[in-house]
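Numbering (my numbering), first residue to last: 188 to 392.
Structure (structure tokens):
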């Protein structure tokens, strides 16, 4: 479990934490973090739908959740996609940002939803995901980001998902893990191993 410095309301899971969808494992991690083990989740679809929630459970067809309810943890499951946690004085949000969602502005959409509820995010945390060092992509992905390509360690085309997420967080204080789930040990990565396992990131007030 990675907790961000000076950011008490965000934590990013690792493979060592196990599958936090398992209630027993989640209860242990929640106890360690000092939060409820009854979380709000999403059925993630690589889109831009961001939903305000006031109770635990699963929200269908969403890639972002926001709440102003203290004590309600919001969870996002990722492997190679980017998890983002947003924090306002009286609200928190979580975002699942794959390349399609990032290109379509899912992080900016979450900020907009928070602002429309009267809460202006001040801080954000970008968790572990596949990094530009290892994220090999084709022309379709590069075109979705208006040609903003970089190179992997092997010299093949890549897109820097961390920087793309950070660009949608302009004006906020941003913490970045800058940890690649593909080449760093201790993370689940579909691209690296084909696993269906996921890290879970959580934000709370």
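In this text, a Cβ means the ideal position worked out from N, Cα and C, and glycines have one as well.
Owing to the predicted nature of the structure, the values given are computational and were not obtained by experimental measurement.
- Message: If I follow the unbroken alpha helix (DSSP H) through residue 360, where does it start and stop?
- Response: First-last for residue 360: 360-363, but that is the beta strand (DSSP E), not the alpha helix (DSSP H).
- Status (buried if at least 16 other CB within 10 Å, exposed otherwise) for residue 388: buried
- What separation, rounded to the nearest whole angstrom, lies between the Cα atoms of residue 303 and residue 241? 16 angstroms
- Query: Do the stretch 269-279 and the stretch 292-307 make contact, defined as three or more Cβ pairs closer than 8 angstroms?
  - Reply: yes
- Three-state secondary structure assigned by DSSP to residue 288: helix
- Query: What does a CB cutoff of less than 8 angstroms around residue 361 pick up in its chain, not counting 5 residues either side in sequence?
  - Reply: 310, 311, 312, 313 and 353
- Query: Which of helix, strand or coil does DSSP assign to residue 281?
  - Reply: strand
- Should residue 383 be labelled buried (16 or more other beta-carbon atoms within 10 Å of its own) or exposed? exposed
- Item | residue 269 vs residue 284 beta-carbon contact at 7 angstroms | yes
- Message: Please state whether the Cβ-Cβ distance between residue 260 and residue 222 is less than 7 angstroms.
- Response: yes
- Query: Do residue 250 and residue 288 have their C-beta atoms closer together than 7 angstroms?
  - Reply: yes
- Message: Buried or exposed, going by whether 16 or more other CB atoms sit within 10 Å of the CB of residue 376?
- Response: buried
- Task: Taking only the alpha-carbon atoms, compute the straight-line gap between residue 227 and residue 332 and give it to the nearest angstrom.
- Result: 30 angstroms
- Query: Assuming residue 273 contacts residue 297 under a Cβ cut-off of 8 angstroms, what Cβ separation, rounded to an integer in Å, is found between them?
  - Reply: 6 angstroms
- Message: Excluding the 5 residues flanking residue 200 on each side, which residues of the same chain have their C-beta closer than 7 angstroms to its C-beta?
- Response: 188, 207, 386, 387 and 388
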